[in-house]
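Student: Let me give you the structure first, and then I'll get to my questions.
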Amino acid sequence: MDSLRQEKIQKFEEFVDRRLKPDLVHAIVERDKIFDQQKIFSDLRKNIENLEKNSVTSLRTLVNLGSEVYMQAEVPDTQRIFVDVGLGFHVEFTWSEALKFISLREEKLERQIEEYTRLIASIKAQIKMVCEGIRELLQIPEEKTVEGRVF
Amino acid sequence: MGKSQVKGTVTSLSSMFPAEEVQKAAKMVEDKLSDKQNEMNQLKEFIANNTSLINLVQKLPDELHHDIMVPFGKAAFFPGRLIHTNEFLVLLGESYYTERTAKQTVEILKRRGKSLESKVNTLKAVMQDLKAEASFFDSTASEAAEGLVEIREYEEDNSTERASQSGSLELETPSVAEADNKMGASEDDEYARIMSRLEELEKEELAAEDNEENLEDEDEDANAVESDGNEDELIKAAEGDGDEDEWTKAAFHRKKDECYSYLDHGQRYSESQSRKQLQQFNGKEPIEEMSNKYKHQDLTNQFASTGLTEEPVTKGEISHGRIIQQDTKSLSPSINASAPFEKKSVQASKSEFDSSKAFTGSIVEHTQNLDKSSVGTNMTSLQSSGSQPSKPVSRFKMQRK
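So the sequence lines, in the order shown, correspond to chains H and R.
For the first sequence, counting from 1, position 92 maps to 92 in the working numbering; every step adds exactly one.
For the second sequence, counting from 1, position 385 maps to 536 in the working numbering; every step adds exactly one.
Below, the structure written as structure tokens:
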């Protein structure tokens with residue numbers, strides 16, 4: 001009986017270590033990516049709002065040519081802006097259109113984050129359940145035999 | 152030749168280097184290797200980017216303006232132009248920037264490229280080392296799996312010890328490399344080899360006029376004809392010490408093979424010449440003269456033979472056979488009297504055995520790096536122990552008592 005229990009415990013532990021924990025890590029990584037995207041778009045929105053507020057028509061920036069070598073660049077007309085809408089497409093927008101698009105985009109990202117959060121929570125719950133099961137399996141033999149393991 | 156006096160330990164290589172551990176080590180090295188490979192790839196990418204940037208920087212000043220899409224954050228662009236096409240802002244690190252022209256920027260980038268190249272080279276060297284380590288581990292693992300064994304043998308006679316390693320990790324002579332789990336098998340092989348040599352020696356001995364002279368001739372023959380390792384073997388065989396002879400022979404046989412590079416050919420040649428001279432004198436001079444000649448010859452051979460040590464003949468004997476001395480001196484002008492004497496089987500000199508130079512220590516013999524002095528002293532004891540010009544075996548045995 002003991003050996004059987006030990007086997008089960010071993011299996012549970014393996015399951016936790018090999019399936020659940022990597023899944024958890026993976027889900028967290030994906031969610032972080034979405035967070036980054038969200039940040040990018042929120043920054044863009046803020047910049048556009050800034051431009052609108054200050055009625056900036058032309059712009060001077062430093063463009064990174066690569067390896068942190070910059071060159072001055074001038075934007076004569078800031079009315080048109082090209083926004084990345086995914087799948088390699090950039091759409092020409094006016095400011096207001098751009099702002100609308102960005103808000104739509106942000107909503108979508110929010111929903112994605114929500115999904116990932118739920119997934120992460122479920123994985124964590126599963127891990128806890130398995131640990132609890134192992135605890136149960138061990139506590140019963142504990143009464144009969146010498147105390148084996150304490151969580 | 153009682154083998155009971157030979158102690159030994161047989162250590163399986165797999166116990167010294169457990170197979171799993173070796174595999175683990177091999178895997179670790181492989182992981183490191185792959186890490187370094189990734190770093191290498193990254194560095195190569197940097198170098199490629201650097202070169203392309205150099206090209207770009209060189210082309211930009213060709214125009215006053217360049218129409219480009221100016222990025223605005225990570226997800227948006229503005230149509231715009233590049234202006235001031237000869238002014239570049241370069242990051243030097245630690246938030247320090249500098250404005251440079253195109254030419255100066257190119258120079259900066261070239262210097263960066265050089266440092267990247269040197270990094271790549273060092274990384275390559277590190278990877279080479281790791282690869283060598285990995286191959287070493289692989290070979291060890293395979294050998295441990297095969298069941299190679301490290302054999303250590305000890306002799307207890309005259310409180311001498313000799314450890315012969317038949318490890319797999321070092322270069323081995325064929326005789327040693329063949330040593331498997333069967334220690335007895337290797338012993339038998341060496342035993343047979345030694346016996347055959349003994350027979351040869353006895354034949355040569357009979358052919359000579361005097362027993363003693365023949366023996367010395369044998370020694371001379373051995374020295375002149377073969378390497379000094381064989382010389383040791385012959386002497387040992389002549390002495391007739393059973394176990395010690397066997398092992399010393401085997402050891403010296405191996406020694407001979409491995410230390411062949413140590414042999415000084417010139418000295419050997421001089422030795423052979425002196426031997427010829429000696430043969431001319433056969434039957435004429437007394438043993439002391441022969442021993443004198445040997446002494447001189449041995450001095451020349453002190454570096455040639457791997458560890459032969461000679462008993463110093465008393466000066467009283469030098470007065471005899473001046474002709475021989477002259478001959479030997481002419482043959483071996485390089486005699487260095489201050490160098491450690493080499494000992495050969497000098498029967499007469501045994502009576503004047505200088506106890507102060509008798510071997511009382513232990514002999515440790517390694518297959519590759521022979522301890523010349525210690526082996527030489529071994530030779531000394533074995534040779535000095537035989538004193539009488541009888542059959543090699545009996546003479547040596549008698550002396551040992």
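Backbone N, C-alpha and C define an ideal beta-carbon position, used for all residues, glycine too.
Counting only beta-carbon separations shorter than 9 Å, does R:Pro-169 have a partner in chain H?
Tutor: Stepping through the second sequence from its first residue, residue 169 of chain R is reached at position 18. So no, R:Pro-169 is outside the interface.
Student: Measuring only the C-alpha atoms, how far is R:Lys-254 from H:Leu-99?
Tutor: One-based indexing of the second sequence puts residue 254 of chain R at position 103. One-based indexing of the first sequence puts residue 99 of chain H at position 99. Approximately 42 Å, taken between the alpha carbons.
Student: Within the same chain, show all residues whose beta-carbon is closer than 8 Å to that of R:Val-173, passing over the 5 residues directly before and after it, in chain order.
Tutor: On the second sequence, position 22 is the one that residue 173 of chain R refers to. Once the five neighbours on either side are set aside, the close Cβ partners of R:Val-173 are Phe-288, Thr-291, Ala-292, Ala-295.
Student: Rounding to the nearest angstrom, what Cα-Cα distance links H:Glu-68 and R:Leu-204 in this structure?
Tutor: Taking the first residue of the first sequence as position 1, residue 68 of chain H is located at position 68. Taking the first residue of the second sequence as position 1, residue 204 of chain R is located at position 53. Each residue's Cα considered, the two are about 10 Å apart.
Student: Evaluate contact between the segment 14 to 31 of chain H and the segment 104 to 118 of chain H, counting only Cβ atoms and requiring at least three cross-stretch pairs below 8 Å.
Tutor: Output reads yes: the segment 104 to 118 of chain H touches the segment 14 to 31 of chain H.
Student: Quick check: what's the CA-CA separation for R:Asn-529 versus R:Glu-306?
Tutor: Translated into the one-based positions of the second sequence, residue 529 of chain R becomes position 378. Translated into the one-based positions of the second sequence, residue 306 of chain R becomes position 155. Residue placement at R:Asn-529 cannot be trusted, given a pLDDT of 45 that sits under 50; what the coordinates show is reported in the next sentence. Going from the Cα of R:Asn-529 to the Cα of R:Glu-306 covers about 12 Å.
Student: I think H:Arg-155 touches H:Phe-12, with their Cβ atoms under 8 Å apart; what is that distance to the nearest whole Å?
Tutor: No answer is possible for residue 155 of chain H: it lies beyond the span of chain H, which begins at 1 and ends at 151.
Student: Anything in the segment 213 to 234 of chain R with a Cβ closer than 9 Å to a Cβ of chain H? List those residues in chain order, please.
Tutor: Listed by position, the residues of the segment 213 to 234 of chain R near chain H (Cβ gap below 9 Å) are His-216, His-217, Ile-219, Met-220, Val-221, Pro-222, Phe-223, Gly-224, Lys-225, Ala-226, Ala-227, Phe-228, Phe-229, Pro-230, Gly-231, Arg-232, Leu-233, Ile-234.
Student: What is the rounded straight-line gap between the Cα of R:Phe-229 and the Cα of H:Glu-97?
Tutor: In the second sequence, residue 229 of chain R corresponds to position 78, counting from 1. In the first sequence, residue 97 of chain H corresponds to position 97, counting from 1. For R:Phe-229 and H:Glu-97, the distance between alpha carbons rounds to 15 Å.
Student: So, using beta-carbon positions, are R:Val-208 and R:Leu-260 closer together than 9 Å?
Tutor: What you label residue 208 of chain R is simply residue 57 of the second sequence in a count that begins at 1. What you label residue 260 of chain R is simply residue 109 of the second sequence in a count that begins at 1. Taking 9 Å as the Cβ cut-off, R:Val-208 and R:Leu-260 qualify as a contacting pair.
Student: Return no unless some Cβ of chain R is closer than 9 Å to the Cβ of H:Leu-87.
Tutor: Sequence index remark: in the first sequence, residue 87 of chain H carries index 87 (1-based). No, its Cβ sits nowhere closer than 9 Å to a Cβ of chain R.
Student: Under 8 Å by Cβ, that's how I've got R:Lys-282 and R:Leu-184 pegged, so tell me the actual separation to the nearest angstrom.
Tutor: Numbered from 1 along the second sequence, position 131 holds the residue referred to as residue 282 of chain R. Numbered from 1 along the second sequence, position 33 holds the residue referred to as residue 184 of chain R. Indeed they touch by this definition, with Cβ atoms about 7 Å apart.
Student: Counting only Cβ pairs nearer than 7 Å, list the residues of chain R close to H:Val-75.
Tutor: Against the first sequence, residue 75 of chain H aligns to sequence position 75. Simply Val-221, Phe-229, Gly-231.
Student: Please classify R:Arg-251: is it buried, with 16 or more other beta-carbons within 10 angstroms of its beta-carbon, or exposed?
Tutor: To locate residue 251 of chain R, count along the second sequence from 1; it is residue 100. It is buried - the Cβ of R:Arg-251 has at least 16 other Cβ atoms within 10 Å.
Student: By the DSSP assignment, the beta strand (DSSP E) with H:Gly-86 in it spans what residues?
Tutor: Working through the first sequence from its first residue, we reach residue 86 of chain H at position 86. Looking at the DSSP string, the run of the beta strand (DSSP E) that includes H:Gly-86 is 81 to 86.
Student: Leaving out five residues before and five after H:Val-83 in sequence, what residues of the same chain have Cβ atoms less than 7 Å from its Cβ?
Tutor: Position 83 of the first sequence, counted from the first residue, corresponds to residue 83 of chain H. Cβ neighbours of H:Val-83 beyond the five flanking positions: His-90, Val-91, Phe-93, Ala-98, Phe-101.
Student: Taking the alpha carbon of R:His-216 as the point to measure from, which residue in H:Leu-24, H:Ser-55, H:Pro-76 has its own alpha carbon closest?
Tutor: Here the question's residue 216 of chain R lines up with position 65 in the second sequence. For the residues H:Leu-24, H:Ser-55, H:Pro-76, the minimum Cα distance to R:His-216 belongs to H:Pro-76.
Student: Check the Cβ of R:Phe-287 against every Cβ in chain C and list those closer than 7 Å, keeping chain order.
Tutor: Among the protein chains in the structure shown, which are H and R, there is no chain C.
Student: Quick check on R:Thr-160: does DSSP put it in helix, strand or coil?
Tutor: Within the second sequence, numbered from 1, the residue matching residue 160 of chain R stands at position 9. Strand.
Student: Work out the CA separation of R:Leu-242 and R:Tyr-118 for me, nearest whole Å.
Tutor: With chain R covering 152 to 552 only, the question about residue 118 of chain R has no answer from this structure.
Student: Under 9 Å between the Cβ atoms of R:Thr-162 and R:Ile-302?
Tutor: Within the second sequence, residue 162 of chain R is the residue found at index 11, counting from 1. Within the second sequence, residue 302 of chain R is the residue found at index 151, counting from 1. Yes; because the gap between Cβ atoms is below 9 Å, this pair is in contact.
Student: In the DSSP output, what is H:Asn-64 paired with across the bridge?
Tutor: Looking up residue 64 of chain H in the first sequence gives position 64. Paired residues: H:Tyr-70.
Student: Is there a Cβ of chain H sitting closer than 9 Å to that of R:Ser-266, yes or no?
Tutor: Locating residue 266 of chain R in the second sequence gives position 115, where the first residue counts as 1. Not closer than 9 Å to any Cβ of chain H, the Cβ of R:Ser-266 fails to qualify, so no.
Student: Within a Cβ cutoff of 7 Å, which residues of the same chain sit near H:Leu-137, ignoring the five residues on either side of it in sequence?
Tutor: The residue labelled residue 137 of chain H in the question sits at position 137 within the first sequence. The residues are Arg-5, Lys-8, Ile-9.
Student: In terms of DSSP beta bridges, what is R:His-217 paired with?
Tutor: In the second sequence, counting from the first residue as 1, residue 217 of chain R sits at position 66. Per DSSP, R:Leu-233.
Student: Are the beta-carbon atoms of R:Phe-223 and H:Thr-57 separated by less than 9 Å?
Tutor: As a working note, residue 223 of chain R is residue 72 in the second sequence. As a working note, residue 57 of chain H is residue 57 in the first sequence. No.
Student: Please report the residue range of the alpha helix (DSSP H) in which R:Leu-267 lies.
Tutor: Residue numbering aside, residue 267 of chain R sits at position 116 when the second sequence is read from its first letter. Element bounds for R:Leu-267: 253 to 297.
Student: I'd like the list of long-range same chain contacts for H:Tyr-70, defined as Cβ closer than 7 Å, with 5 residues on each side in sequence excluded.
Tutor: As a working note, residue 70 of chain H is residue 70 in the first sequence. Contacts found: Leu-62, Val-63, Asn-64.
Student: Could you tell me which of R:Arg-263, R:Asn-206, R:Glu-338 sits nearest to R:Gly-244, measuring between CA atoms?
Tutor: Within the second sequence, numbered from 1, the residue matching residue 244 of chain R stands at position 93. That would be R:Arg-263, whose Cα lies nearest to the Cα of R:Gly-244.
Student: Closer than 7 Å between beta carbons: that is the criterion. Which residues of the segment 245 to 257 of chain R meet it against chain H?
Tutor: Hits within the stretch, in order: Thr-256.
Student: So what does R:Ile-302 bridge to, in DSSP terms?
Tutor: Sequence index remark: in the second sequence, residue 302 of chain R carries index 151 (1-based). DSSP output for R:Ile-302 lists R:Val-161 as bridge partner(s).
Student: Note the first and the last residue of the continuous alpha helix (DSSP H) segment covering H:Val-91.
Tutor: By one-based count along the first sequence, residue 91 of chain H stands at place 91. Not the alpha helix (DSSP H): H:Val-91 falls in the beta strand (DSSP E), residues 89 to 93.
Student: Which residues in chain R have a C-beta closer than 8 Å to the C-beta of H:Asn-50? List them in chain order.
Tutor: Reading the first sequence from its first residue, position 50 is the one you call residue 50 of chain H. By Cβ distance, chain R contributes nothing, its closest Cβ being about 11 Å from H:Asn-50, past 8 Å.
Student: At a CB-CB cut-off below 9 Å, which residues of chain R make contact with H:Thr-94?
Tutor: As a first step, residue 94 of chain H is located in the first sequence; it is residue number 94 there, counting from the start. Within chain R, no residue comes near H:Thr-94; the closest Cβ sits about 13 Å away, beyond 9 Å.
Student: Is the CB of R:Val-208 under 9 Å away from at least one CB in chain H?
Tutor: Here the question's residue 208 of chain R lines up with position 57 in the second sequence. Yes, its Cβ sits closer than 9 Å to a Cβ of chain H.
Student: So, H:Leu-44 versus R:Lys-225, is the Cβ gap smaller than 9 Å?
Tutor: Start at 1 with the first residue of the first sequence, and residue 44 of chain H comes out as number 44. Start at 1 with the first residue of the second sequence, and residue 225 of chain R comes out as number 74. Yes, they are a contact pair.
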